[in-house]
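Please read the structure below before turning to the comments.
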Amino acid sequence: MTLAQASFRYPGAGRLALSLVLVHLWHRQETAVDWDAGGAEQLPTRAEQQDVLLALLAAAEVGDGAVLDLGIGSGLAAERVLEALPDAQLVGVDFSAAMLDLARGRLSRFGKAWLFARS
Ligand SMILES: C[S@@+](CC[C@H](N)C(=O)[O-])C[C@H]1O[C@@H](n2cnc3c(N)ncnc32)[C@H](O)[C@@H]1O
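Position in the sequence shown (first residue = 1) + 24 = the working numbering.
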C-alpha cells in the first residue's frame, strides 16, 4: 500500500505520523542545539511573542508566585520570565532530555527559582 492509498484509507493517519516524527525530533540532541541557536531565523516572531507573554505576566501580578512553563525547551522564554519576575518560581516541563539539559545550563544562574520535571 502506498502512502497516498494509506492516507485515503485511514484519514488522519498522515497527521498522526507527522506528530510521531515531531515527537521523535524534539528528543534529538541536534534538534535541541539547532533550536536553541536558531534565534530569529528559527522563529521570526520569538521576540514579539515573548513581549506579549511578559505583558500578560506583568498584568497577572505574579509576585512570588509560580509560573508553569509547559514545553520549556531550552529555556529561552523562561530566561526572560525569570529576568522580569525575579521573585517568582518557575517550573518547567519538557519531555526532551536534550532540551532540559540546555535549559538547566541557561537557568542555573537563577538558583532556587527553577525546577524541571519530565512529562
Ligand atoms: C518550540 S519548542 C520550545 C519552546 C520554548 N518554550 C522556548 O521558549 O523556546 C517546544 C518544546 O515543547 C516540548 N514538547 C512538545 N510536546 C511535548 C509534550 N507532549 N510533553 C512535553 N514536552 C513537549 C518539546 O520537547 C520542545 O522542547
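Glycine included, each C-beta is placed from N, C-alpha and C at the ideal position.
query                                                                                        : result
Same chain, Cβ closer than 8 Å to L49, neighbours up to 5 away in sequence not counted       : T55
Ligand 1 heavy atom lying under 8 Å from the CB of D58                                       : no
Burial state of L148 (16 or more Cβ within 10 Å)                                             : Residue 148 lies beyond the range of the chain shown here (25 to 143); nothing can be said about it.
Close beta carbons around A108, own chain, < 6 Å, minus the five adjacent residues each side : L78
Distance, V115 Cα to L92 Cα                                                                  : 5 Å
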